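Peer 1: Just so it is clear: in the sequence shown, position 130 is 130 by the UniProt record's numbering, and no numbers are missing.
Ideal Cβ placement from N, Cα and C applies to all residues, glycine included.
Owing to the predicted nature of the structure, the values given are computational and were not obtained by experimental measurement.
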Amino acid sequence: MCPSGRTLRAEVTESSSLRPAFNVLDADNDGKISRDDLRTFYAGFSSGGADEDAIKSMISVADVNKDGFVEYDEFERVLGDRRRSPQARGGGGGEIMGDVFRIMDKDGDGKLSHGDLKSYMEWAGFAATDEDIRAMIALGGGDEKGGVSYDGLLKILAVDFSSS
1 MCPSGRTLRA
11 EVTESSSLRP
21 AFNVLDADND
31 GKISRDDLRT
41 FYAGFSSGGA
51 DEDAIKSMIS
61 VADVNKDGFV
71 EYDEFERVLG
81 DRRRSPQARG
91 GGGGEIMGDV
101 FRIMDKDGDG
111 KLSHGDLKSY
121 MEWAGFAATD
131 EDIRAMIALG
141 GGDEKGGVSY
151 DGLLKILAVD
161 FSSS
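1. Roughly how far, in whole angstroms, is the beta-carbon of G146 from the beta-carbon of K118, given that I think they are within contact range, below 8 Å?
2. Among residues of its own chain, excluding the 5 on either side of Y120, which ones have a beta-carbon nearer than 6 Å to its beta-carbon?
3. Since I believe T40 is in contact with A21 (beta carbons under 8 Å), could you give me their beta-carbon distance rounded to a whole number of angstroms?
4. Name the DSSP bridge partner or partners of I33?
5. Roughly how many angstroms separate the alpha carbons of K155 and G108, rounded to a whole number?
6. Measure the CB-CB distance between V148 and V24 and report whether it falls below 9 Å.
7. Could you check what DSSP says for D51 in three-state terms: helix, strand or coil?
8. Using DSSP with H/G/I as helix, E/B as strand and the rest coil, what is L112?
9. Between which two residues does the alpha helix (DSSP H) holding L139 run?
10. Spatial neighbours of G152 within its chain, please: C-beta separation below 7 Å, excluding the five flanking residues on both sides.
11. For I55 and I33, I'd like the C-alpha separation in whole angstroms.
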């Protein structure tokens, strides 16, 4: 079982959806990422929250139709090649998921530990047992001692959590 209470389908393919990652940032669940959504996300992880210029920049990078929001198709387009690390990406959309990873990585060691993932899941309102967290780490190709890398986080988020 995964934290959502559904059976986890272990199949991860290149065409997997980035919907779970999008949903993490869509704090009010209205189907689009707004500046308020990003403020809410960042406020949960840092005392000062995100800089308004950084939030404006993140939205403008992805907001192709210039409506002030990032819809799922824009989000997906911006992330591009999900297999490259945040360091290998130039500017642009990779910064968003790179920022998400860095915020979740509380100790800044470049890996999401059991504690990092547990802390995030609690903050996001997902009931996750230690077994759930271990399963996520394994799914991301990590181990309990070393945690999971950025690429591993993308693997976790790309899993289809729907029951088939």
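Peer 2: Looking at the atomic coordinates:
1. The Cβ separation is near 16 Å, so there is no contact.
2. M104
3. Their Cβ separation, rounded to whole angstroms, is 16 Å, which puts A21 and T40 out of contact at 8 Å.
4. V70
5. 20 Å
6. no
7. coil
8. strand
9. 130-139
10. G140, G141, G142
11. 11 Å
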